[in-house]
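First comes the structure, then the notes that go with it.
Next up, the structure:
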């Protein structure tokens, strides 16, 4: 009933216009490689200064939804994740575009982003406060166990050689050490460079690894073939609707539902890194698929898993923000700044003291999801038209946008150099067939893993027993052992089959 | 270069990197705030990396001749000038952007990078060159305008112009 009142509150022309503008603005910024939902919120926040609370916060919600969803466009069409939450979308979305199925990939991504966002919105609206109580029960042992389990997904993200995948992950973990140790405040691997005190920022690392390396690979291919054959040279198939039948849609739901649960779980655990939910959901979908070898070649399920999870994460993150006042990541901390700007204090009392406003915000979130779905669906042909721009022009323009994105992340010129250097690293890794996804997973998760382990051991005075005494941690530790055992068994089996084949 | 050779060199490179990470960990002050300290994880990572790179190197050396896959490069042996010029362009872009500012540096970079990627025959096509030049000028100017005037975010203006 309160939710209906919320819809009534936001169904005013100015609020709806702001939601539309916010979604479109967030989409455009999120689609540009290097500019994430956080950057979109940082840019749009000042526009809300003079607005009423409902309008201002609805606008920010719309920008958040648009920013998180915009990354799929460049991920599928360019193979460069527009935002960190669209990394896994590249793995199958871009190969689909290279096969001429860009519209089908975009259609699937848009529809399942909407479904993921809707699931997050529904859970937020009806079960938010109850889920928040469960989230409060997680302690540092549980976080450590969950992150350790998440690292086992590296095996699924390592195409080809597991050794190379693990090495890539360890490289990412090493780069995560650069900066200030969170517990002792000592500098590690900064070599006296003060600007490295905060470590490497994720955005320059990501766009360096994916975008800058891409242009280097393109330049290398040009030398061998004298012409750059890019995605603009591939004829894209025309599709009706989203590009798949209702029967196919029902089969994709088998991937979408667990992915949305993974996204929600990651979202409600603050500090875990919403950026990693798409990778975890992708790994899960690959591991549970009947044809895991097809992942990475351009299958719709890969796109479905990634996009459903990353949009469900938004709902999960908002549950914790609204009910506990804890921002889970950079983007939600921007929204929290927006709340404070409009004299709204998120937390346990919010539902009691400002119930009307809260349900208006929830209604705005649902409407923002609908608006982004419509905008992206009807803009589908326009996005694909971007591919008509020759790669020789498009890639350099993307690199310029990446330079802007790297600089804008922290207004730090060193980030531009970091982007270029990681571009060289990404090129070397790609040439030597090292997968990049494990590097990103290691880079994002390892700092948190170390912090939670050390914090837990400080609490337990060095004892590991409480880790297994905590039920949640025990479950995830057992799952980790099972996952590692399964991976090792799979590798041994693979080696045996290879040697049998050689003997024949 | 064959995949076997690539893996061997990569393995050795990563082993040296692991040794470097381990060695530099001695520079990290020892912390007494917790039982593991600030050095533990970097050292663990370095050791694991060393072991895995050793496995990669040894397994590649142990590859029998018939299991090797030779990569046949389509282009002639020698320097890959497009790649080299692209790398140079990226480094120069970073070095110059703070001196000359975003707009001028981006115009020059865009034009040069497009020239590097364009086929030879297109470089002689006057119309394509004019389009390339026009886009090279318009895109940075438009981005700069949008960021300065609409988003109110200052992009690097360049030390040269600040001094003037």
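Residue numbers (the numbering used here), protein chains in the order written: chain A, 398 to 901; chain B, 1093 to 1256. Built from N, CA and C at the ideal position, the CB exists for glycine as well. Predicted, not measured: the structure shown is a model, and the values here were computed from it.
Closest to residue 755 of chain A by C-alpha separation, out of A:439, A:442, A:454, would be which residue?
The residue you call residue 755 of chain A lines up with position 358 of the first chain. Residue A:454 is the option with its Cα nearest to residue 755 of chain A.
Residue 591 of chain A: which of A:804, A:742, A:577 sits nearest, CA to CA?
Numbered from 1 along the first chain, position 194 holds the residue referred to as residue 591 of chain A. Comparing Cα-Cα distances from residue 591 of chain A to each of A:804, A:742, A:577, the minimum goes to A:577.
Interface partners of residue 820 of chain A on chain B, CB under 8 Å:
As a position in the first chain, residue 820 of chain A is number 423, starting the count at 1. Residues of chain B passing the Cβ test: 1182.
Curious, which full-length alpha helix (DSSP H) runs of at least 4 residues does the segment 806 to 893 of chain A contain?
811 to 828, 834 to 857, 862 to 866
For residue 613 of chain A, go through chain B and note every residue whose CB falls closer than 9 Å to its CB, in chain order.
As a first step, residue 613 of chain A is located in the first chain; it is residue number 216 there, counting from the start. Correct list: 1175, 1178, 1179, 1182.
Inter-residue Cα distance where the pair is residue 484 of chain A and residue 508 of chain A
Residue mapping note: residue 484 of chain A aligns to position 87 of the first chain, counting from 1. Residue mapping note: residue 508 of chain A aligns to position 111 of the first chain, counting from 1. Taking the straight line from one Cα to the other gives about 18 Å.
Span of the alpha helix (DSSP H), counted from its first residue to its last, around residue 766 of chain A:
The residue you call residue 766 of chain A lines up with position 369 of the first chain. Element bounds for residue 766 of chain A: 752 to 775.
Straight-line gap, residue 522 of chain A to residue 514 of chain A (C-alpha atoms, nearest Å):
As a first step, residue 522 of chain A must be located in the first chain, where it is residue number 125. As a first step, residue 514 of chain A must be located in the first chain, where it is residue number 117. C-alpha separation (whole angstroms): 12 Å.
Can you pull the chain B neighbours of residue 704 of chain A, defined as C-beta to C-beta under 9 Å?
Taking the first residue of the first chain as position 1, residue 704 of chain A is located at position 307. Correct list: empty, because the minimum Cβ distance to chain B is about 27 Å.
Compare the beta carbon distance of residue 801 of chain A and residue 1235 of chain B with 9 Å and say whether it is the shorter of the two.
To locate residue 801 of chain A, count along the first chain from 1; it is residue 404. To locate residue 1235 of chain B, count along the second chain from 1; it is residue 143. Closer than 9 Å, so yes.
Can you tell me the Cβ-Cβ gap for residue 759 of chain A and residue 403 of chain A, rounded? I've got them flagged as a contact below 8 Å.
Your numbering for residue 759 of chain A matches position 362 in the first chain. Your numbering for residue 403 of chain A matches position 6 in the first chain. Confirmed, about 6 Å.
Quick one, which of A:790, A:894, A:776 has its alpha-carbon nearest residue 1257 of chain B's?
Since the first and last residues shown for chain B are 1093 and 1256, residue 1257 of chain B lies out of range.
Measure from the alpha carbon of residue 818 of chain A to the alpha carbon of each residue in A:458, A:896, A:613, then state which is nearest.
Here residue 818 of chain A refers to the residue found at position 421 of the first chain. Considering only alpha carbons, the answer is A:613.
Work out the CA separation of residue 776 of chain A and residue 1230 of chain B for me, nearest whole Å.
Here residue 1230 of chain B is taken as the residue at index 138 of the second chain, counted from 1. Here residue 776 of chain A is taken as the residue at index 379 of the first chain, counted from 1. Their backbone Cα atoms lie some 24 Å apart in a straight line.
Give the DSSP-derived three-state secondary structure of residue 585 of chain A in the structure shown.
Numbered from its first residue, the first chain carries residue 585 of chain A at position 188. Here residue 585 of chain A sits in strand by DSSP.
So, is the C-beta of residue 1196 of chain B closer than 9 Å to a C-beta in chain A?
In the second chain, counting from the first residue as 1, residue 1196 of chain B sits at position 104. It does not; no Cβ of chain A falls within 9 Å.
Using DSSP with H/G/I as helix, E/B as strand and the rest coil, what is residue 504 of chain A?
Residue 504 of chain A sits at position 107 when you count from the first residue of the first chain. Looking at residue 504 of chain A - three-state DSSP - the assignment turns out to be helix.
For chain A, find out if any of its Cβ atoms is closer than 9 Å to the Cβ of residue 1138 of chain B; answer yes or no.
Position 46 of the second chain, counted from the start, is the residue given in the question as residue 1138 of chain B. Answer yes: the Cβ-Cβ gap between residue 1138 of chain B and chain A drops below 9 Å somewhere.
Along chain B, which residues have their Cβ under 7 Å away from the Cβ of residue 859 of chain A?
Numbered from 1 along the first chain, position 462 holds the residue referred to as residue 859 of chain A. Here the neighbours are 1127.
Just the C-alpha distance for residue 551 of chain A and residue 685 of chain A, rounded to the nearest angstrom, thanks.
The count along the first chain starts at 1 and reaches residue 551 of chain A at position 154. The count along the first chain starts at 1 and reaches residue 685 of chain A at position 288. Near 15 Å, if we compare the C-alpha coordinates of residue 685 of chain A and residue 551 of chain A.
Are there 16 or more other CB atoms within 10 angstroms of the CB of residue 866 of chain A, so buried, or fewer, so exposed?
Taking the first residue of the first chain as position 1, residue 866 of chain A is located at position 469. Exposed.
At a CB-CB cut-off below 7 Å, which residues of chain A make contact with residue 1094 of chain B?
In the second chain, the residue the question calls residue 1094 of chain B occupies position 2. Chain A residues near residue 1094 of chain B: none, gap ~12 Å exceeds 7 Å.
What does DSSP give as the partner residue(s) for residue 576 of chain A in the beta ladder?
Locating residue 576 of chain A in the first chain gives position 179, where the first residue counts as 1. The partner list for residue 576 of chain A (beta bridge, DSSP) reads A:585.
Would you say residue 1111 of chain B lies against chain A (beta-carbon separation less than 9 Å)?
Taking the first residue of the second chain as position 1, residue 1111 of chain B is located at position 19. No - not a single Cβ of chain A is within 9 Å of the one on residue 1111 of chain B.
Among B:1201, B:1213, B:1226, B:1194, which has the Cα closest to the Cα of residue 1249 of chain B?
Mapped onto the second chain, residue 1249 of chain B falls at position 157. The shortest Cα separation from residue 1249 of chain B among B:1201, B:1213, B:1226, B:1194 belongs to B:1194.
Kindly list the residues whose CB is nearer than 7 Å to the CB of residue 535 of chain A, restricted to its own chain and excluding five residues on each side of it in sequence; keep chain order.
Stepping through the first chain from its first residue, residue 535 of chain A is reached at position 138. These residues qualify, in order along the chain: 666, 869.
Kindly indicate which residue of A:559, A:696, A:875, A:703 has the alpha-carbon position closest to the one of residue 663 of chain A.
Mapped onto the first chain, residue 663 of chain A falls at position 266. Comparing Cα-Cα distances from residue 663 of chain A to each of A:559, A:696, A:875, A:703, the minimum goes to A:703.
Strictly below 9 Å CB to CB, what residues from chain B border residue 455 of chain A?
As a working mapping, residue 455 of chain A is identified with position 58 in the first chain. Those do not exist, as residue 455 of chain A stays about 20 Å from chain B at its closest Cβ, beyond 9 Å.
Is the segment 535 to 544 of chain A touching the segment 838 to 857 of chain A in the sense that three or more CB pairs, one from each, lie closer than 8 Å?
yes
Could you spell out where the alpha helix (DSSP H) holding residue 403 of chain A opens and where it closes?
Here residue 403 of chain A is taken as the residue at index 6 of the first chain, counted from 1. Element bounds for residue 403 of chain A: 399 to 407.
For residue 401 of chain A, is the classification buried or exposed, using 16 other Cβ atoms within 10 angstroms of its Cβ as the cut-off for buried?
Here the question's residue 401 of chain A lines up with position 4 in the first chain. With fewer than 16 Cβ atoms within 10 Å of its Cβ, residue 401 of chain A is classed as exposed.
Rounded separation between residue 1219 of chain B and residue 647 of chain A - CA only
Counted from its first residue, the second chain places residue 1219 of chain B at position 127. Counted from its first residue, the first chain places residue 647 of chain A at position 250. Going by the C-alpha atoms only, they are around 50 Å apart.
Which stretch, first to last residue, makes up the alpha helix (DSSP H) that contains residue 539 of chain A?
Against the first chain, residue 539 of chain A aligns to sequence position 142. Taken as a continuous stretch (DSSP letters only), the alpha helix (DSSP H) holding residue 539 of chain A covers 537 to 548.
Option in A:799, A:517, A:530, A:433 with minimal Cα separation from residue 745 of chain A
As a working note, residue 745 of chain A is residue 348 in the first chain. When only C-alpha atoms are compared, the closest one is A:530.
Please list, in chain order, the residues of the segment 563 to 588 of chain A that have any C-beta partner in chain B closer than 7 Å.
563, 564, 567, 570, 571, 574, 578, 580, 581, 583, 585, 586
Beta-carbon gap between residue 773 of chain A and residue 559 of chain A smaller than 9 Å
In the first chain, the residue the question calls residue 773 of chain A occupies position 376. In the first chain, the residue the question calls residue 559 of chain A occupies position 162. No, they are not a contact pair.
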